[in-house]
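Student: Below are the structure tokens for one structure; questions will follow.
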Amino acid sequence: CISKNSRNRGVGERLAAGEKIDEIMGSMYMVAEGIKTTEAVYDISKKMNIEVPITECIYEIIYKDLSPLDSVNKLMKRKFKSEVEDLFK
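Counting in this note's numbering, the sequence shown runs from 4 upward without gaps.
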């Protein structure tokens, strides 16, 4: 994702610039694996009742038309909590 040639990075940069996912995917000749991976992780997290706030925001940007700015605001407004508190129950 850090390479300038990364397909996933390219998708992220274009989403951040305001392009819609359909436009981006329609112009690509190769697969950006992160698109389907985001959906898979999101679905699994819902089935297993696991909080994945960053993945959820990425999912909402891709599939629910949430703006990148709104997703950052959503993340910043989350209540602070330990990220490992549920691991040891």
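Just so you know, even glycine gets a beta-carbon here, dropped at the ideal spot from N, CA and C.
Which class does A43 belong to by DSSP, given the choice of helix, strand or coil?
Tutor: Walking along the sequence shown from the start, residue 43 turns up at place 40. If DSSP states are grouped into helix, strand and coil, A43 belongs with the helices.
Student: Could you work out which residue in N52, R17, S6 is closest to S30 when comparing CA atoms only?
Tutor: Locating residue 30 in the sequence shown gives position 27, counting from the first residue. Measuring from the Cα of S30, the nearest candidate turns out to be R17.
Student: Any idea what DSSP makes of I5, helix, strand or coil?
Tutor: If you number the sequence shown from 1, residue 5 lands on position 2. In this structure, I5 counts as coil in the three-state DSSP scheme.
Student: Do the segment 60–80 and the segment 4–11 touch if we need at least three Cβ pairs shorter than 8 Å?
Tutor: Short answer: they don't touch.
Student: Taking its Cβ as the centre, do 16 or more other Cβ atoms sit within 10 Å of T41, making it buried, or is it exposed?
Tutor: Here residue 41 refers to the residue found at position 38 when the sequence shown is read from its first residue. Classification of T41: buried, given that the 10 Å Cβ count is 16 or more.
Student: Which of the three DSSP states, helix, strand or coil, is assigned to K77?
Tutor: Taking the first residue of the sequence shown as position 1, residue 77 is located at position 74. If DSSP states are grouped into helix, strand and coil, K77 belongs with the helices.
Student: Excluding the 5 residues flanking K39 on each side, which residues of the same chain have their C-beta closer than 8 Å to its C-beta?
Tutor: On the sequence shown, residue 39 is found 36 positions in, with the first residue counted as 1. No residues qualify anywhere along the chain.
Student: According to DSSP, simplified to helix, strand and coil, what is L69?
Tutor: Taking the sequence shown and counting its residues from 1, one reaches residue 69 at position 66. The answer is coil: DSSP assigns L69 none of H, G, I, E or B.
Student: Report the option in K49, S70, E59 whose CA atom is closest to the CA atom of A20.
Tutor: Stepping through the sequence shown from its first residue, residue 20 is reached at position 17. For A20, the nearest C-alpha among the options comes from S70.
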